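Its first residue numbered 126, the sequence shown is counted upward by one per residue in the working numbering.
We put the CB at the ideal spot given by N, CA and C, even for glycine.
Just so it is clear, the structure is predicted and the values come from calculations on it, not from any experiment.
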Amino acid sequence: MNPNSCLDVVSFAEAYEMVQLLEVAEDFVLRQFQKVACTLKFKDLPAKQLLKYLNSHSLCVPSELIVFKAVVAWIQAKPKIRLKLAKELMKTIHFPLMTFKEFKEVQSLNMWSDHSLVELYETIFEDFCSSETTSQSQCRIYLPKESLVLIGGDQISEDLGSRSISRELWFGNSLRNHTGIKKAMEWRRLGEMPEPERFKHEVAVLKGQLYVFGGKKYYGTRDTLSSVYRYDPCQNSWESLAEMQEKRCSFSVVVLDGKIYAIGGHCDPEYIDSVEQYCPTTNSWSFTWPLDLPLSGHVAKVLQGQIFISGGLYSDYRCLASMFLYHPETGSTYLANMTRPRCHHCMETLGDRLYVAGGITTDENMAVVDQLACEVYNPADDSWTAFTSLPVPHAGAGSAVLEGKFYVLGGYSREDYSDTKMVHRYDPTIQRWENMGKMPGPNNDIRASVLCLPSHFRL
């Protein structure tokens, strides 16, 4: 399915009463609306169907100007018939959310010269200029199919006098577009994981269920965990699973071929080189080929059926720039180094590349500093390319990919050890970081994932 064919699929599914196919096709239309609105088929949409799409909370658009241009293109395809629908269609557009530059494009439209639309334009202009906007027009609400979920972590108290560790789970229920480029996530509390609280842990999703591994329950040398729990969102229930064979924090977890791998980590005072494989069928752990050297604060991700591992520490003061492939049966194969060493960073798979952001690094004097520079790895030619730097430090942050965008959530600044309470999102199509508002609770050494939650959580 693509932007040119999706509306044909909608028509086909409606004609043959294929409910599931219709749902998939309409979902595609809503989430690819900007591209779909540029097709010839879009201009043939029945008015009722267009209004349905424009009023949907699943309509994904970067700005209200996109919606306005789509409506105008649809009207101008058959102006004699459709001009009378302009008022009803324009009500679906949140004009107060436009910038002055965007509204100038609205004003420049030749269509307003039609005498029948003069009153409508005056209403739209008043709406744009009004400071007394309703709560509904203050933002456009968008509901992603899946939800970002935040798990555990720690945070500093309001008086800056102490830190506290969390058992909380939060999920992003909706994305909200405010005026211009201002955006935010609406967070809701999902519940709590079983005791104890934990941070520097790891998470994974397998067959729609969330797994939580290890971490630390407090700040002492004996507080590292080996416990594992599984959360079923459909039942809203937790299950205790077989513990890892080694206690681990600041490690990495990946899912490959139905198995889960816990890789490296730290258990005071030792760095860990072992790798364990979890089999959900037998609820058991077994050791696989170890890493070449003990590693902590690294990140592992799966791309094209292979495990890639970047950065990390192999001593308290040595930060690595390495990138290598790990195979459970044969071990490590080294690839091109990152341009900068880093640890406690984020790495995510987007398309056929690996995007790396945040963390900390060592400078020319071997001092540990924040790492704002970001880079992307292309396995096709084993090369690294810089992309837009982060606007603020995000060391020990959570990260996830939602609908093709790279989210970096929370963390801290190495410079002053302050918590980073912001969420940033990298959109590869516009090649920049967007501020997505504040974290709902814990910020530091938190973990994030993407889950499909039952509809009753999102009402």
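Rounded to the nearest whole angstrom, the CA to CA distance from A525 to E213 is 39 Å. Spanning the alpha carbons of L420 and H519 requires a straight line of approximately 20 Å. For M463, the closest C-alpha among the options D441, A498, F250 is that of A498. Here L350 has R323, G339, G340, K341, K342, K372 as same chain residues with Cβ atoms under 7 Å from its own Cβ, once five neighbours each way along the sequence are excluded. A Cβ-Cβ contact shorter than 9 Å links R478 with V501. DSSP links Y336 through a beta bridge to A329, R355.
In the DSSP assignment, Q232 falls within the unbroken alpha helix (DSSP H) covering 225–232. Residue state for V494 is assigned as strand, using DSSP reduced to three classes. Within the same chain, Cβ atoms closer than 8 Å to the Cβ of P358 are found at G333, Q334, L335, L576, C577, L578, P579, F582, the five residues on either side in sequence being excluded. Between E189 and F225, the gap from beta carbon to beta carbon reaches 9 Å or more. In this structure, the straight-line span from the alpha carbon of R557 to that of Y551 is close to 6 Å. Counting along the chain, C131 sits inside the alpha helix (DSSP H) bounded by residues 131–140.
Of K160, A162, S130, C163, the smallest CA-CA separation from L147 is found for S130. In this structure, the beta-carbon distance from D507 to A461 falls below 9 Å.
Take T164, set aside five residues on each side of it, and the residues of its chain with a beta-carbon closer than 7 Å to its own are P128, N129, in chain order. For C392, there is no enclosing alpha helix (DSSP H); the enclosing beta strand (DSSP E) has its first and last residue at 384–392. In the DSSP assignment, D398 falls within the beta strand (DSSP E) that extends over 395–404.
Taking each of V197, S377, S409 in turn and checking the Cα distance to A573, the smallest one comes out for S377.
Cβ-Cβ distances below 8 Å link L210 to A172, I200 in the same chain, with the five nearest sequence neighbours on each side left out; the list follows chain order. At a Cβ-Cβ threshold of 9 Å, N569 and Q280 count as neighbours. For W295, DSSP records a beta bridge to L275, R314.
DSSP places W414 outside both helix and strand once states are collapsed to three, so it counts as coil. Contact annotation: G529 and I571 have beta-carbon atoms that are not nearer than 9 Å. Taking Q496 as the centre and dropping the five residues before and after it, the same chain places the C-beta of R467, G484, I485, T486 closer than 6 Å to its C-beta, in chain order. As for any beta strand (DSSP E) of minimum length 3 sitting wholly inside the segment 496–559, the runs are 499–503, 508–512, 523–527, 530–534, 547–552, ordered along the chain. By the Cβ-count criterion, P565 is buried, with 16 or more other Cβ atoms from all chains shown falling within 10 Å of its own Cβ. Its chain contains R292 as the residues whose beta carbon lies nearer than 8 Å to that of E320, once the 5 sequence neighbours on both sides are disregarded; these appear in chain order. Straight-line measurement puts the Cα of T513 at about 38 Å from the Cα of S352. In this structure, the alpha-carbon of M547 lies about 21 Å from that of G422. Around the beta carbon of A505, a 10 Å sphere encloses fewer than 16 other beta carbons of the protein chains shown; the residue is thus reported as exposed. Around the CB of I206, fewer than 16 other CB atoms lie within 10 Å, so the residue is classed as exposed.
Secondary structure of Y178 (DSSP, three-state): helix. If you look at V161, you'll find it in the alpha helix (DSSP H) that goes 158–161. The Cβ neighbour count for V328, taken over all protein chains shown within 10 Å, is at least 16; the residue is labelled buried. Spanning the alpha carbons of Q159 and K384 requires a straight line of approximately 38 Å. DSSP links A309 through a beta bridge to R301.
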